[in-house]
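Take a look at the structure below.
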Amino acid sequence: MTKICTRCLLADFDRVKYEQLIGKSLNDLPPEDLTADDIRGKRLDICRECDKLNQGTCLACGCFVEIRAALVRGKCPYKKW
Ligand code: SF4
């Protein structure tokens, strides 16, 4: 049974789907397009506190925040990071 959590990242409640949708996408990107782990982690900590986060997606842009936060060119649509 899949746990639902509106203020969670996808990895927090569905590890299988995370690997299928996000882990694979990030693995396919060139390393220079990806942020360092500490930057990604700080961004996602902000997302976890944001009322726009809904089950791993951002209600402001519709993206998976774990992908957006991992990209060097990724930006929060509300300029929180
Ligand atoms: S990307 Fe920005 S607006 Fe979207 S959930 Fe994260 S902090 Fe909130």
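The sequence shown begins at 0 in numbering that gives the first Met the number 0 and counts up by one. All residues carry an ideal CB built from backbone N, CA and C; glycine is no exception. Just so it is clear, the structure is predicted and the values come from calculations on it, not from any experiment.
Short of 8 Å in beta carbon distance, which residues of its chain neighbour residue i, apart from the five on each side in sequence? Order them along the chain.
{"i": "residue 72", "result": "32"}
{"i": "residue 24", "result": "66"}
Rounded to whole angstroms, what is the Cα-Cα separation between residue i and residue j?
{"i": "residue 3", "j": "residue 29", "result": "32 Å"}
{"i": "residue 64", "j": "residue 42", "result": "9 Å"}
{"i": "residue 11", "j": "residue 55", "result": "9 Å"}
{"i": "residue 47", "j": "residue 26", "result": "23 Å"}
{"i": "residue 164", "j": "residue 57", "result": "An answer regarding residue 164 cannot be provided, because it is not within the stretch 0 to 80 covered by the chain."}
Can residue i and residue j be called in contact, C-beta distance under 7 Å?
{"i": "residue 6", "j": "residue 52", "result": "yes"}
{"i": "residue 79", "j": "residue 45", "result": "yes"}
{"i": "residue 69", "j": "residue 34", "result": "yes"}
Please go through the same chain and pick out, in chain order, the residues whose beta-carbon is closer than 7 Å to the beta-carbon of residue i, but skip the five residues on each side of it.
{"i": "residue 131", "result": "What is shown of the chain runs 0 to 80, which leaves residue 131 out entirely."}
{"i": "residue 49", "result": "79"}
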